[in-house]
Every structure is written in structure tokens, then in C-alpha cells.
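Data block below; observations after.
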Amino acid sequence: MSTSRKRLIDGATELFLGGGFHNIGIAEICEKASVNKGTFYHFFPSKLDLLLEVIKLYVEDMVAKFAEIAASEEVPTQKLRHVFQVPQRRNEAWKAVHGVASGCFLGNVILELSATEPVVRETAKWALEAWARALEPILQEFLKAEGIKNLDAASAAEVVIGIVQGAHVIAKVKNDPKVLGAFGQMAVEMLRAAGNPR
């Protein structure tokens, strides 16, 4: 990846996360990346195309982190908690610099654009499916360790994604990234309860 292209992606990631998509203009992105508009359009036909590339890289990074968790020597319950600690650390790092919890980049984009930009909605669908697939080995191991037979890993992975996204919203409202870690333990207990109904 060229240096200019990387600077555009990195700059846009930070600006979109902090200000949303519609509030950030191409001129602002170019200034952040120290490139001119000609360079921007050399790499990206539009601001939306840049956003889609940012989403792709963000999703791939999270998939890689989930794969690391799945391959780790941690016990299954800790692996599941660790899934929530990844975004917690991201939010803590953002808050340390900007003073507020960032939420989830993908979740923020979905809330802002999915109703008006079909390509964003389709990209978000792909992203959530990719995350679910990456989480399945973690959930499969957890369900087996807990002796839960009435839930499958694919469904449990979707539930966990829903819990993570909800935790992001509450973390933003409370401006407290630790909410994500707390929801990790709740996810463990909720799946146990769902798998062992009374």
C-alpha cells in the first residue's frame, strides 16, 4: 500500500470515527493526510469508496483479533470475555486522546448510513457475517465446555455480536469503555442461562 493511500485511510478512519461520515469532507481528509485532492481521487473515486475501504480493513483487523483469541490457550469462558475486551481497549485508547468513548466504527456507520446507502447496508451485512464466522470457533468451544447442546455456535455468535453492539451504545452514552468488559461477563451468563433453561 502506498504511503499516501495509507495516510488517507488512517486519516479518514480517525475523522469518521470522531465526526461521522456526513460531517467530514474530502478537503478535511486530505488535510489530515497531507495530500491534495488529486491524490485523493487517484486512489478513491469518492468519499463513500474510501469509507468502504476503511470498513473492510476495520473488519479484517477484528477478524484477525478474533482468530488470535480462538487460537489462544485461554479457557473458553475467558476467550468469550476477551472478545469484549478487544473493543474495550480500543475505546479506552480513543477516550484517552479524545475524552469520549468511540463506540464501534462499524456500528456508528450502520446507524448513520444503512437506511440511505444500500452499498453500506450490504457491506455491513458482509461485515457482520465475517465477524460471526470468526467468532464461531470461540462459541463452539464455549458451548462444548459448558455442556450446552440446545444452542449452535452460529446462532450464539450472532447473539454475541448483538450484545457487543448494544454494549458499545451504552459505553458511548455512559462514556465508560469498561461497560464492554462488564457485558462480556453478562454474555457468559446469558448463554449459560439460555443453554440450561429451568
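If you count by my numbering, then the sequence shown holds residues 1 to 198, one letter each, in order. Here a beta-carbon is modelled for each residue, glycine too, at the ideal position from N, C-alpha and C.
GLY184 is not a Cβ neighbour of ARG89, given a cutoff of 8 Å. For ALA153, the three-state secondary structure derived from DSSP is helix. LYS79 and THR123 have their alpha carbons spaced roughly 27 Å apart. The residue from ALA153, HIS98, LEU111 with its alpha-carbon nearest to that of GLY195 is ALA153. Under the 8 Å Cβ criterion, the segment 8 to 19 counts as touching the segment 41 to 58, having at least three qualifying pairs. A contact between stretches requires three or more CB pairs, one per stretch, nearer than 8 Å, and the segment 85 to 99 meets this requirement with the segment 166 to 179. Following the DSSP letters along the chain, one finds ILE138 inside the alpha helix (DSSP H) bounded by residues 118 to 146.
Linking VAL97 to GLY18 through their CA atoms gives a straight-line distance of about 11 Å. A check of alpha carbon separations from GLN140 across SER2, PRO76, SER46 identifies PRO76 as the nearest.
Spanning the alpha carbons of LEU106 and MET62 requires a straight line of approximately 11 Å.
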